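Residue numbers (the numbering used here), protein chains in the order written: chain A, 7 to 331; chain B, 7 to 331.
Protein chains: 2
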Amino acid sequence: MLYTADFLTNKIEEAISNISFDLKPKSLFEPIKYAISVGGKRVRPLLVLLATNMFGKEVEKSLKPAIGIEIFHNFTLLHDDLMDKSDMRRGMPAVHKKWNANTAILSGDAMLIESYKYVASVHPDLLPEVMELFSTTAMEVCQGQQLDMDFEKRADVTEAEYIEMIVLKTAVLLACSLKMGAILANASARDAELLYNYGINIGLAFQLKDDLLDVYGDAKTFGKNIGGDIVSNKKTYLLIKALKSSDKKQLAELMRWISAENFDKNEKIESVKNIYNELNLKSISENLIEKYYLAALDCLSSINVSDERKKELIYLSENLMYREK
Amino acid sequence: MLYTADFLTNKIEEAISNISFDLKPKSLFEPIKYAISVGGKRVRPLLVLLATNMFGKEVEKSLKPAIGIEIFHNFTLLHDDLMDKSDMRRGMPAVHKKWNANTAILSGDAMLIESYKYVASVHPDLLPEVMELFSTTAMEVCQGQQLDMDFEKRADVTEAEYIEMIVLKTAVLLACSLKMGAILANASARDAELLYNYGINIGLAFQLKDDLLDVYGDAKTFGKNIGGDIVSNKKTYLLIKALKSSDKKQLAELMRWISAENFDKNEKIESVKNIYNELNLKSISENLIEKYYLAALDCLSSINVSDERKKELIYLSENLMYREK
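So, in structure tokens, the structure goes:
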């Protein structure tokens, strides 16, 4: 039986809403419940189930590890928000704001442990491989977050370093989700690896698209405020590329905006965006996204199952690619 | 071959000193190296190896999971010190002081993941049981830390609640270490459980002894300053018991010291200690420690191996019991 992404997403939401957080002390588990319930698109667990289903297997046995990955993802958001001092998440106060920093630290730790419990519920024969994949990925995500924080203090981050960082911080967990779904479906090692590489490329396209939408997105459809990355001097692909390729005059203006402490937000956004436009960064960025997208599709096409079975993943990739939010 | 605790401790230290932390970025792994190298008595990994060896098995295969538990323990110290604002650990600056809060959060997260990597290196046949034990214990330790923090804000903590808290925060990890060593030696489920219960009781005796030494220890041999718990109003067994059993006059004096903001430390220590003395709390506490110690020995004596093989664990228990630091 082949399921649609919508059907599987409902299954995931249902399973998440059925998790019991009725454990003691409440001061530890209420914030966990809050963090997981607040939502999001549930992309990662969906990738687990789509991958399992793609190889013709039922998804029931993949549901718990899929939710484990979603819990892990929400743990990273919880600790990242605290470290980055981001006070809102999906329109709601972040855990460290709604409660406090200590609650965010300890509830986050408990979520990481809980994610392992869920992931470790797989068939014993598959457990060593699944654990290896999950722990390696989890460590890489930490490395990515550390690089991201380190980059904020550096002015000389290269494009290659940025790509390495977003591979670690974002792409590997998407890739891990897909590969885990494949392992749980007893797919061949070759197919599992192809799916992993598909995930890395889609992850890169996804993050670069995110950077792009922050500047060129439509305020009406994009969830966040347009230009937020520009205002906060976030080291995105666009900024790194601009710092590298701008001429003397453009660079001076960029640096002036980056170091400015008092400024009109819209003026800063317009000025920096102008430089991006002069440097043609929109289409340079779109070309790079296209490159990763095509590389992703290339991996997918080499996987040894019928095109029919790849349909849902292709829809999903298209949605991520052509989204406006 | 039966090994002494000293021999096994050297083995553990050697293995820890051989861990390579040469990973990128350094900003993530240097603090981990620091946290693990700073030392401590390595009691938990020693318990893993002693348990394995007790059942007549070689310890090589238990070394990696043992170190995993030590990494986990150091992760909890790292995050606890941050949450408790304890700036020193084993005479050295804590990670959040030597670096900063974000480093302590993320390096701690990475240590938790690293501990899973080490623990998951056991034989695949044993992995499901080991994972279940480790994750359950890890979650309990978080619950214990949360209870401990919650208790600091409450004046009505009961003795039973306190015992429950130290079971979770301290005793379960000692018990888990012993049980893991037993599982890795293919001990019977009954013997593994007896060893677990031995660990719970020894853990309780250990923590209560710690509370006692803070007040009645010898400043020369005790590592920390005598009376530190009294100065900081820490909810120890002695304070909880005193709040419960003191008369009106004693209670008023206790409450006055607890709420005092400006005071002479030594005067506070002497006055509170006087109340403890009047209430006979030293011997009440010693009796309770003795009770748990005897319960521990009782579990140990029921385990189905020769007395000869239990010798090292008995020495260790005696050391923990009759220590002055």
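C-beta: ideal position from N, C-alpha, C; glycine also. Predicted, not measured: the structure shown is a model, and the values here were computed from it.
Spell out the partners DSSP gives residue i in its beta bridges.
i       : result
Arg3/B  : Here chain B covers residues 7 to 331 and nothing more, so residue 3/B does not appear.
Pro99/A : Met94/A
Starting from residue i and walking both ways along the alpha helix (DSSP H), at which residues does that stretch end?
i        : result
Pro134/B : 133-158
Glu36/A  : 32-43
Phe13/B  : 11-23
Glu314/A : 313-328
Lys185/A : 178-190
Asn207/A : 195-222
Is the CB of residue i under 8 Å away from at least one CB in chain A?
i        : result
Lys30/B  : yes
Met341/B : No statement about residue 341/B is possible, as the shown extent of chain B runs from 7 to 331 and does not include it.
Lys123/B : yes
Leu83/B  : no
Leu88/B  : yes
Cys148/B : yes
Helix or strand or just coil, what does DSSP make of residue i?
i        : result
Met171/A : helix
His79/B  : helix
Arg48/A  : coil
Lys123/B : helix
Ser277/B : helix
His129/A : coil
Ile232/A : coil
Ile309/B : coil
Glu64/B  : coil
Thr58/A  : helix
Asp115/A : helix
Lys241/B : coil
Glu267/A : coil
Asp28/A  : coil
Asn272/A : helix
Asn293/B : helix
Leu88/B  : helix
Leu8/A   : coil
Ala161/B : coil
Lys226/A : coil
Ser252/A : coil
Leu285/B : coil
Asn106/A : coil
For chain B, is any of its Cβ atoms less than 8 Å away from the one on residue i?
i        : result
Asn283/A : no
Ser33/A  : yes
Asn192/A : no
Gln152/A : yes
Ile111/A : yes
His79/A  : no
Asn325/A : no
Ile119/A : yes
Gln256/A : no
Asn108/A : yes
Ala116/A : yes
Met155/A : yes
Check your understanding: With a cut-off of 8 Å, do at least 3 Cβ pairs link the segment 62-81 of chain B to the segment 115-123 of chain B?
Key -> As far as the Cβ criterion goes, the segment 62-81 of chain B touches the segment 115-123 of chain B, which means the pair count is three or higher.
**Study point:** Cβ contact check for the segment 273-288 of chain B and the segment 240-256 of chain B: 3 or more pairs under 8 Å
**Key:** The segment 273-288 of chain B, when compared against the segment 240-256 of chain B, does touch it at the 8 Å Cβ threshold.
Review point. Per the contact definition of three or more C-beta pairs closer than 8 Å, is the segment 209-219 of chain B in contact with the segment 290-307 of chain B?
Key: A contact is defined here as three or more CB-CB pairs under 8 Å, and the segment 290-307 of chain B meets this definition with respect to the segment 209-219 of chain B.
Review point. Of all the residues that make up the segment 127-145 of chain B, which are near chain D by a beta-carbon distance shorter than 7 Å?
Key: The chain inventory of the structure shown lacks chain D, comprising the protein chains A and B.
Check your understanding: Is the segment 163-176 of chain B touching the segment 39-49 of chain B, taking contact as three or more C-beta pairs under 8 Å?
Key -> Verdict: no, contact absent.
Check your understanding: Is the segment 118-128 of chain A in contact with the segment 141-149 of chain B, if contact means three or more CB pairs nearer than 8 Å?
Key -> Yes: the two stretches touch, three or more of their Cβ pairs being nearer than 8 Å.
Exercise for review: Would you be able to state if there are at least three C-beta pairs under 8 Å between the segment 66-76 of chain A and the segment 177-194 of chain A?
Suggested key: Segments in contact, yes.
Review point. Contact between the segment 45-62 of chain A and the segment 16-31 of chain B: three or more CB pairs below 8 Å?
Key: Three or more beta-carbon pairs separated by less than 8 Å are not found between the segment 45-62 of chain A and the segment 16-31 of chain B, which leaves the two stretches without contact.
**Study point:** the segment 318-326 of chain A touching the segment 9-28 of chain B, judged by at least three CB pairs closer than 8 Å
**Key:** The segment 318-326 of chain A vs the segment 9-28 of chain B: no contact.
Check your understanding: Is it true that the segment 95-111 of chain A meets the segment 52-64 of chain A, where meeting means three or more beta-carbon pairs spaced less than 8 Å apart?
Key -> Not touching, per the Cβ criterion.
Review point. Touch check for the segment 269-281 of chain A and the segment 230-247 of chain A: three-plus C-beta pairs under 8 Å?
Key: Judged by pairs of C-beta atoms under 8 Å, the segment 269-281 of chain A touches the segment 230-247 of chain A, as three or more such pairs exist.
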